[in-house]
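Peer 1:
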Amino acid sequence: MEFLVCVKQVPDDSVEIHLNPETGTPDLSQADPEAGAFDTYAEELAVRFIEENGGSVTVVSAGTDDNKTCLKNSLAVGAGAAYLIADEGTDCLDSAQVADLLAAAAPKIEEQEGKKFDVILCGKESTDAIGGQVGALLAEKMNLPLVENAVEIKSTDSGISVKQETDTGFMMYEVSTPAVVTISKPDYDPRYPTIRSKMAARKAKIPTLTLSDLGISDLASEAAVSSLGFAEPKTRQAGIKINESEPEEAVKKAMDQMIADKAL
Amino acid sequence: MSDYNKLTDELIDQIRTAANGHVLTGEDVSDDFSRDEMPIYGTSAPEAVVQPLTTEEVSAVMKICNDNRIAVTPRGAGTGLVGGAVPLYGGIVLDTTKMNKIIGYDLENLAVTVQPGVLFKDLADDCSRQGLLYPPDPGEKLACLGGNVSTNAGGMRAVKYGTTRDYVRAMTVVLPNGEITHFGSNVSKTSSGYSLINLMIGSEGTLGVITELTLKIVPAPKKIASLIIPFEDLEAAISTVPKIKMANLNPQALEFMEKEIVLSSERYIGKSVFPQKIDGVEAGAYLLVTFEAKDEDELNDLIDEASELVLEAGAIDVLIADTPSKMKDAWAARSSFLEAIMAETKLLDECDVVVPITHITEFLTFANATAKECDLTIKSFGHAGDGNLHIYECSNDLTEDVFKERVDAFFEKIYAKATEVGGQVSGEHGIGSGKIKYLRKSLGETNMQLMQGIKKVFDPNLILNPGKICYIPED
């Protein structure tokens, strides 16, 4: 089975992000970039699959040259090849643009690798924008079947069976390939690279696909979303302490306050 | 001299006035104030809890307690492991957790001034947001900085940066008689008489009450990565440690852990990080090493050199955590050892002995054999880079009396062994009430008397945290 895994580079989500007062944009200087968590689950799922059944895993990311670090990390944990989509305007993309780029890149990568992808995997959502749209848009643009929030993929005679996580349990699907599948958190964690795989990945060449390589002449017109600006959430106001020792008085004061605040 | 006076209603009123009402009594005093995180050393309730907001409130309360010979036990978040914050003789607990303001940074002198109740984690996060690092890194991130200073907390980064002691520049202290004084200053060297600030550091609330601290900070490293290094057994892992140090690789952290404790911790946090089998070889122990560098190339060079060294020394493989989430997961497992052991254990005691790093293997072999001899289950991990070992004694089936008896027999032997190889009773947790007996044997009477003399100079009425480190009222 041949997998293409789409990886988004995101800032470390354990760092509290604030707006830079001068630029009004999120200050990411203390948040190191890494692959989105669900994208790393997608790659681990694919690598486990090919270890058991054979095949290959190729990763692709759209962004800037910086994304090569994240792609090399993917190579160190089981991907056999990595591609970067980078050009003017690819540093700030909305979901529709990313899906366009990926849809155009998939056949180009197939051409270069000399193989057809059976399954295209995306994380179910990124950990920065949390849009959760790229997988569905990509399936639509490529006219492929889609299963979202999957935690397991198995091969069948006619394609793949996919175990989807739902709010109440699991749903099983049988899907023909090629297909797009978005991945939720399986019951295992992504592996760590070893020194050998890391050293090999550091030396790997990552081809860059430009807009002209992909036959896209006007990326900006593909945008479906425009950003109006950023604002920090309001800081929580200190609460009001009700110190009355008698329960009746305490309840009355609490009720009065809630009525005054229009909470009741 | 255990005849401390009890708090009368009149004294409580006086204390309430002195502390501007920040006093808890009766049912408002939660059981938490009777214990720390190692209740095996006994629990004891205070008669009142004072939660001051200012140095002046601490001063006014201390004066009343000193004049009336009321025992006072200073306390931060209560995360200690040797009974240090337990008010063994009643009186008041002076809870500094409401004094929790980061007062300000002096970036040109690389210092930050804080109140003692600021949590370690809050300062670490605040520094991180500004590209700074407060280097001490004790396992318990929710401890107060006042408590860190009072126990000279060490932690993971001690191998490179030293312990809390190395980062305390100045402090405001309220003496037992209520007098407010200042020790140290924001300078990087001093030769100005006895180092009173260094007497306070590690004094576990027995000499004075710290109400403000000026701490040294450093610029945060630009690039950081950890290596998870599996070995077939502990001896192979530990014998690699001096080689890493001799190669001048200067790791920021260098921890060892046995497989059993890693499995406990992974069960506890629900994540599997440390590989159990690599190419058919079973891992029995691990080193977890962190390196820091000014850029990616320098970091990669360090990783490559360290990997080559440990593989030659017998490591099964080297796994690399160089992304934020992988680093976080690797260290989450390490940081959860205590909680994981607590979750699986009914009776627990701990020894945080420190030995020269060249004696770690010999000492652990001795400890394992002694545990067997004493019919006791132990789990070990520790700071391989500085020889500070955490050996947990665990039981789910013994009665408390039998457990304590066996632990005592075990401690007598292993602390004697530690002393023999040039070690010390505690690397970073302190003495509290739990380790006085072993400290006395390790240091000898002369040194204990010197400590008692110092205690009496600071605290002539012996009201501050009685029953800890060197002073037991009944003796």
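Chains as they are written, first to last, in the working numbering: chain L, 1 to 264; chain X, 1001 to 1475. For glycine and all other residues, C-beta sits at the position ideal for the given N, C-alpha and C.
(1) Under 7 Å: does the beta carbon of residue 206/L sit that close to some heavy atom of the ligand PLP?
(2) Taking residue 30/L as the query, report the chain X residues whose CB atoms sit under 9 Å from its CB, ordered along the chain.
(3) Given that a residue counts as buried once 16 or more other Cβ atoms are within 10 Å of its Cβ, and exposed if not, what is residue 1026/X?
(4) What are the start and end residues of the alpha helix (DSSP H) that includes residue 1365/X?
(5) What does the alpha-carbon distance come out to for the pair residue 1403/X and residue 1036/X?
(6) Starting from residue 1348/X, trace the beta strand (DSSP E) in both directions and tell me its first and last residue.
(7) Determine the direct distance from the alpha carbon of residue 1410/X to that of residue 1001/X, and round the result to whole angstroms.
(8) Could you tell me whether the Cβ of residue 1324/X comes closer than 8 Å to any Cβ of chain L?
(9) Roughly how many whole angstroms lie between the Cα atoms of residue 1269/X and residue 1337/X?
(10) Taking 8 Å as the threshold (beta carbon to beta carbon), is residue 115/L in contact with chain X?
(11) For residue 151/L, which residues in the same chain have their Cβ closer than 6 Å to its Cβ, ignoring the five residues on either side in sequence?
(12) If I measure Cβ to Cβ from residue 1143/X and keep anything under 6 Å in the same chain, skipping five residues before and after, which residues do I get?
(13) Taking the alpha-carbon positions, what's the residue 1009/X to residue 1254/X distance?
(14) Is it buried or exposed, residue 251/L, if we count other Cβ atoms within 10 angstroms and call 16 or more buried?
(15) Does the beta-carbon of residue 1456/X have 16 or more other beta-carbons within 10 angstroms, so that it is buried, or is it exposed?
(16) Which ranges does the alpha helix (DSSP H) cover as unbroken runs of at least 4 residues, wholly within the segment 1281 to 1348 of chain X, from first to last along the chain?
(17) Of all the CB atoms in chain X, is at least one closer than 8 Å to the CB of residue 73/L?
(18) Roughly how many angstroms separate the alpha carbons of residue 1014/X and residue 1421/X, rounded to a whole number?
(19) When Cβ atoms are compared, which residues of the segment 1300 to 1324 of chain X fall closer than 8 Å to chain L?
(20) Any C-beta of chain X sitting closer than 8 Å to the C-beta of residue 142/L?
(21) Mind checking if residue 192/L is an interface residue toward chain X, Cβ cutoff 8 Å exclusive?
(22) Any idea what DSSP makes of residue 1428/X, helix, strand or coil?
(23) Since residue 1392/X and residue 1350/X are thought to touch, with beta carbons under 8 Å apart, how far apart are those beta carbons, to the nearest angstrom?
(24) At the level of alpha carbons, what is the spacing between residue 1212/X and residue 1051/X?
(25) Specify, as a first and last residue, the run of the beta strand (DSSP E) that residue 163/L falls within.
(26) Which class does residue 1246/X belong to by DSSP, given the choice of helix, strand or coil?
(27) Kindly list the residues whose CB is nearer than 8 Å to the CB of residue 204/L, restricted to its own chain and excluding five residues on each side of it in sequence; keep chain order.
(28) Indicate whether at least one CB of chain X lies closer than 8 Å to the CB of residue 195/L.
(29) Within the 8 Å Cβ cut-off, does residue 1273/X reach chain L?
(30) Let me confirm a value: residue 1282/X is counted as buried when at least 16 other C-beta atoms fall within 10 Å, else exposed. Which label applies?
(31) Taking 8 Å as the CB-CB cut-off, is residue 1329/X touching chain L?
Peer 2: On the basis of the coordinates in this document:
(1) The model on display carries no ligand, and the ligand PLP is accordingly not part of it.
(2) The residue given as residue 30/L occupies position 30 in the first sequence. Simply 1128, 1129, 1130, 1131, 1220.
(3) Translated into the one-based positions of the second sequence, residue 1026/X becomes position 26. Flag for residue 1026/X reads exposed.
(4) Against the second sequence, residue 1365/X aligns to sequence position 365. From DSSP, the alpha helix (DSSP H) with residue 1365/X extends over 1360 to 1373.
(5) Counted from its first residue, the second sequence places residue 1403/X at position 403. Counted from its first residue, the second sequence places residue 1036/X at position 36. Approximately 19 Å between the Cα atoms of the pair.
(6) Walking along the second sequence from the start, residue 1348/X turns up at place 348. Residues 1347 to 1351.
(7) On the second sequence, position 1 is the one that residue 1001/X refers to. On the second sequence, position 410 is the one that residue 1410/X refers to. Only weak support exists for where residue 1001/X lies, its pLDDT of 49 falling under 50; the value from the coordinates is given anyway. Between residue 1001/X and residue 1410/X, the C-alpha separation is close to 31 Å.
(8) Taking the first residue of the second sequence as position 1, residue 1324/X is located at position 324. So, interface residue.
(9) One-based indexing of the second sequence puts residue 1269/X at position 269. One-based indexing of the second sequence puts residue 1337/X at position 337. In this model, residue 1269/X and residue 1337/X are separated by some 10 Å (Cα to Cα).
(10) Stepping through the first sequence from its first residue, residue 115/L is reached at position 115. Cβ-Cβ to chain X under 8 Å: no for residue 115/L.
(11) To locate residue 151/L, count along the first sequence from 1; it is residue 151. Cβ within range, chain order: 163, 165, 184, 186.
(12) By one-based count along the second sequence, residue 1143/X stands at place 143. Contacts found: 1077, 1079, 1120.
(13) The count along the second sequence starts at 1 and reaches residue 1009/X at position 9. The count along the second sequence starts at 1 and reaches residue 1254/X at position 254. The alpha-carbon atoms of residue 1009/X and residue 1254/X are separated by roughly 53 Å.
(14) The count along the first sequence starts at 1 and reaches residue 251/L at position 251. Under this definition residue 251/L is an exposed residue.
(15) What you label residue 1456/X is simply residue 456 of the second sequence in a count that begins at 1. Result: exposed.
(16) Uninterrupted alpha helix (DSSP H) stretches at least 4 residues long and entirely within the segment 1281 to 1348 of chain X occur at 1296 to 1312, 1324 to 1335, 1337 to 1344, given in chain order.
(17) The residue given as residue 73/L occupies position 73 in the first sequence. Residue 73/L counts as touching chain X.
(18) As a position in the second sequence, residue 1014/X is number 14, starting the count at 1. As a position in the second sequence, residue 1421/X is number 421, starting the count at 1. Distance from the CA of residue 1014/X to the CA of residue 1421/X, rounded to the nearest whole angstrom, comes to 52 Å.
(19) Within the segment 1300 to 1324 of chain X, those residues whose Cβ lies closer than 8 Å to any Cβ of chain L are, in chain order, 1300, 1303, 1304, 1307, 1311, 1317, 1318, 1319, 1320, 1321, 1322, 1323, 1324.
(20) One-based indexing of the first sequence puts residue 142/L at position 142. It does not; no Cβ of chain X falls within 8 Å.
(21) Indexing the first sequence from 1 puts residue 192/L at position 192. With its beta carbon less than 8 Å from one in chain X, residue 192/L belongs to the interface.
(22) For the purposes of this step, residue 1428/X is taken as residue 428 along the second sequence, with counting starting at 1. In the three-state reduction of the DSSP assignment, residue 1428/X falls in the coil class.
(23) Residue mapping note: residue 1392/X aligns to position 392 of the second sequence, counting from 1. Residue mapping note: residue 1350/X aligns to position 350 of the second sequence, counting from 1. For a cut-off of 8 Å, the C-beta gap from residue 1392/X to residue 1350/X is around 5 Å, short enough to register as a contact.
(24) For the purposes of this step, residue 1212/X is identified with residue 212 of the second sequence, where counting begins at 1. For the purposes of this step, residue 1051/X is identified with residue 51 of the second sequence, where counting begins at 1. Within the model, the alpha-carbon separation for residue 1212/X versus residue 1051/X is close to 15 Å.
(25) For the purposes of this step, residue 163/L is taken as the residue at position 163 of the first sequence. Start and end: 159 to 165.
(26) By one-based count along the second sequence, residue 1246/X stands at place 246. Assigned with DSSP and collapsed to three states, residue 1246/X falls in helix.
(27) On the first sequence, residue 204/L is found 204 positions in, with the first residue counted as 1. Excluding positions up to five away in sequence, the list reads 72, 75, 82.
(28) For the purposes of this step, residue 195/L is taken as the residue at position 195 of the first sequence. Cβ-Cβ to chain X under 8 Å: yes for residue 195/L.
(29) Looking up residue 1273/X in the second sequence gives position 273. For residue 1273/X, the nearest beta carbon of chain L is closer than 8 Å to its own beta carbon.
(30) Reading the second sequence from its first residue, position 282 is the one you call residue 1282/X. That one is exposed.
(31) The count along the second sequence starts at 1 and reaches residue 1329/X at position 329. Under the 8 Å criterion on CB atoms, residue 1329/X is classed as interfacial with respect to chain L.
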